[in-house]
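Protein chains in written order, with our numbering: chain A, 1 to 653; chain B, 1001 to 1093.
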């Protein structure tokens, strides 16, 4: 064993705290170390070349790099080893930046000693390291996209156009998501459904896309390249292949209920499509409101009216099992409910509405045909007060983050309202105007300057009713005065929150979410579309609040990641997998219960029971290794022997 | 405002079928099946007796126009004593 130790200065990040020259001299004295040198930037091209040359020149067999965290440059140095002809698993990284120089800036002497300890520990672990070769398993080159909003649609189309099959799962009866609810989009004022509908139709007709609407993902097993997915198709009580979308059933249906798609401002029947451009154009019976139930069929009006006999009250939910190699999560967002904003009259006054409600009122296909009307009496409001940051940037509501899109859509709403009601008055309460985006600032400026809209910098404390009107009490922090505005309607910009079902889905996917329920990425800057669970990618507002253009960009990025993965027929997996020592194993089965991935089975051979690990499913988490009473399971590259000697080295002296 | 509590603004656009309930009092034997199963619950038992001495169904007062022409009363009546007649020019929700 001939070990080379390379110590990185990381510019001044390490060298300004740790005495690298002393460290070099001390590390050179360690057992088996034949070479030790420091270098200003080991991650640079010349730095890597230096390591490479020294390996060849001195015939080094094992390498220790004392530098930054392995999650940043582990891959870089592993490649360096490979280019010098060494096995990439004969590398150990001692993290003397994050775990040493950065956290012990005020105690350089102790930091230097700790750096040496970290190198000693790395050496102890490296002593028992074994060369490993990656596993290569066949990959299923099909993708699953969860969520049929704009992000899911874009991702599905990109992958399908790349020549691979896609399963797109949407929980609502139609594709479209929140974008289908919008009237016009900022800053170009494109009609939202005009630009979205062609894409929805393309998805429905694409030969590579299998569309599941009114369906949910129930279970996912396996790992990148080999996921097994169970999809639950909820019963529509209308056969998709028979329904022609003729609308005859709707005319005879005797039940009228509020339409969720219209935010309850419009109505629908118990048999319905959520909106006229729905894809697929297939009706759905909402059995909760229908006169019929599972046990008793009272009304057969739709059944009798249906020419193609598409209605079937006996339809059951159905499970479909599919296999895919990669998954894109595009489950979108929800809004904080109005009831959670009582200070703004949310939930108490009908004329306090959300921005999404206003989108439905502005939409030509909405309940009012695009005329803005008050929900209470249907009158056209003569004035509107907009309240931004309703719930967001507000730790009181548990939402300290910015919802990102509200500044822009509020400006758009003010513009659309002023065009519809030129003599109407608009007041906007804001904290800051955040208009970072291509042509966003120009759009807001245009509205501030040309549309006679009054922007008031400050927060609203209270909204209450006075006869037929609402009174908004707030403060204008630029003049320092309190303001009291009588208005016909209040529109709040509610905080964007994570999708209701996101948490359950995260559990099914075994992928992390942050404290607000948004899906987490591996690295916020450099790997923003990849989930820490390999083979699972993120798109759109499921990750954080985003506008349409960002969602589309991220969806395409996620799709390109999937296409890159699918460019090969087999997939290389890290060989860091659990291995069972058959001699020590008693077949007790504790590891089977501990394994979060279902990778371990107990098998019986020659009258002896023992555990067997499926290498393709094992993620190398080490849970089984910790649980095994007989020390019969070891995870390669992190064996008990390696870890114990590493800890011993740290505790010595 | 919770969605369910909102009053839709376009109700006038939605039409539902309307029926006129016709009851042959003298055929009724007071089994109350129609009252039990009417999905809109617009029927109740009369105070009067018919010739055979039974209470028969009558429309609740104020709900004369509420029949939605589902015809389930006609379906469940063992004595062909009740049916509904479609009213043309359907009513609003």
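Every residue, glycine too, gets a C-beta built ideally from N, C-alpha and C.
Model, not experiment: these values are computed from the prediction.
Point to revise | Coil, strand or helix - residue 973(B) by DSSP | key: In the structure as shown, chain B begins at 1001 and stops at 1093. Residue 973(B) is therefore absent and cannot be evaluated.
**Study point:** residue 498(A): first and last residue of the uninterrupted alpha helix (DSSP H) it sits in
**Key:** Per DSSP, residue 498(A) lies in no alpha helix (DSSP H) segment; the continuous beta strand (DSSP E) that holds it begins and ends at 496 to 498.
**Study point:** Interface flag, residue 342(A) vs chain B, CB-CB below 8 Å
**Key:** no
Exercise for review: Measure the beta-carbon distance from residue 375(A) to residue 394(A) and round it to whole angstroms, keeping in mind my assumption that it falls under 8 Å.
Suggested key: Between residue 394(A) and residue 375(A) the Cβ distance is about 25 Å, and since that is not below 8 Å, they are no contact.
Practice item. Indicate whether at least one CB of chain A lies closer than 8 Å to the CB of residue 1001(B). Key: With a pLDDT of 47 at residue 1001(B), under the threshold of 50, the modelled position of this residue cannot be trusted; read the value that follows with caution. It does: the Cβ of residue 1001(B) has a partner Cβ on chain A nearer than 8 Å.
Point to revise | Other residues of its chain near residue 216(A): CB distance less than 6 Å, five sequence neighbours each side excluded | key: 171, 232
Review point. Going by the CB atoms, is the gap between residue 539(A) and residue 328(A) shorter than 8 Å?
Key: yes
Exercise for review: Along the beta strand (DSSP E) that carries residue 383(A), what are the first and last residues, could you check?
Suggested key: 383 to 390
Check your understanding: Is the Cβ of residue 1006(B) closer than 8 Å to any Cβ of chain A?
Key -> yes
Check your understanding: Which residues, taken in chain order from the region 480 to 509 of chain A, show a beta carbon closer than 8 Å to some beta carbon of chain B?
Key -> none
Exercise for review: Kindly indicate the opening and closing residues of the beta strand (DSSP E) around residue 222(A).
Suggested key: 215 to 223
Check your understanding: In chain order, what residues of the same chain lie with their CB nearer than 8 Å to the CB of residue 502(A), ignoring the 5 residues before and after it?
Key -> 331, 513, 517, 518, 519, 542
Exercise for review: Compute the Euclidean distance between the alpha carbons of residue 234(A) and residue 218(A), then round it to the nearest angstrom.
Suggested key: 11 Å
**Study point:** For residue 35(A), the residue or residues it bridges with in DSSP
**Key:** According to DSSP, residue 35(A) bridges with 4(A).
Practice item. Could you run through the region 364 to 392 of chain A and flag, in chain order, every residue whose CB is less than 7 Å away from some CB of chain B? Key: Cβ contacts with chain B: 367, 368, 373, 375, 378.
Review point. For residue 664(A), which residues of its own chain have a beta-carbon under 8 Å away from its beta-carbon, when the five flanking residues on both sides are left out?
Key: The shown model of chain A, from 1 to 653, leaves out residue 664(A), and the question about it has no answer.
**Study point:** Cut-off 8 Å between Cβ atoms - residues of its own chain near residue 273(A), not counting five sequence neighbours on either side
**Key:** 173, 174, 245, 281, 282, 283, 284
Exercise for review: Check whether the Cβ of residue 1045(B) lies closer than 8 Å to any Cβ atom in chain A.
Suggested key: False, the Cβ-Cβ gap to chain A never drops below 8 Å.
Check your understanding: Taking only beta-carbon atoms, is residue 644(A) less than 8 Å away from chain B?
Key -> no
Practice item. Would you be able to state if there are at least three C-beta pairs under 8 Å between the region 1063 to 1074 of chain B and the region 1035 to 1046 of chain B? Key: Judged by Cβ distances under 8 Å, the region 1035 to 1046 of chain B makes contact with the region 1063 to 1074 of chain B, as three or more pairs qualify.
**Study point:** Cβ neighbour criterion (16 or more within 10 Å) applied to residue 1001(B)
**Key:** For residue 1001(B), the predicted structure reports a pLDDT of 47, less than 50, and the residue's modelled location is therefore unreliable. The matter cannot be settled from this model.
Check your understanding: So what's residue 9(A) in DSSP terms, helix, strand or just coil?
Key -> coil
Check your understanding: Can you tell me whether DSSP reads residue 107(A) as helix, strand or coil?
Key -> coil
Practice item. Below 7 Å CB to CB, which residues in the same chain sit around residue 457(A) once its five sequence neighbours on both sides are set aside? Key: 430, 476, 477, 478
Point to revise | Pairwise C-alpha distance: residue 86(A) and residue 598(A) | key: 34 Å
Point to revise | residue 582(A) vs residue 537(A) beta-carbon contact at 8 Å | key: no
Check your understanding: Comparing the C-beta of residue 460(A) with each C-beta of chain B, is any distance below 8 Å?
Key -> Not one chain B Cβ lies under 8 Å of residue 460(A).
Practice item. Out of 255(A), 93(A), 142(A), state which residue places its alpha-carbon closest to the alpha-carbon of residue 637(A). Key: 93(A)
Check your understanding: If the cut is a Cβ gap below 9 Å, which residues of chain B does residue 247(A) touch?
Key -> Under the 9 Å cutoff, chain B gives no residues; its nearest Cβ is about 12 Å from residue 247(A).
Practice item. Using alpha carbons as the reference points, say which of 337(A), 58(A), 186(A) lies closest to residue 411(A). Key: 186(A)
Check your understanding: Name the DSSP beta bridge partners of residue 191(A), please?
Key -> Within the DSSP secondary-structure output, residue 191(A) pairs in a beta bridge with 184(A).
Exercise for review: Apply the 10 Å Cβ neighbour rule to residue 521(A) and answer buried if 16 or more other Cβ atoms are within range, or exposed otherwise.
Suggested key: buried
Practice item. Mind checking which residues open and close the alpha helix (DSSP H) that includes residue 642(A)? Key: 640 to 651
Check your understanding: Using 8 Å as the Cβ pair cut-off and three pairs as the minimum, do the region 247 to 255 of chain A and the region 555 to 570 of chain A touch?
Key -> no
Point to revise | Contact check, residue 65(A) vs residue 33(A), beta carbons under 8 Å | key: no
**Study point:** Beta-carbon gap between residue 391(A) and residue 341(A) smaller than 8 Å
**Key:** Contact: yes.
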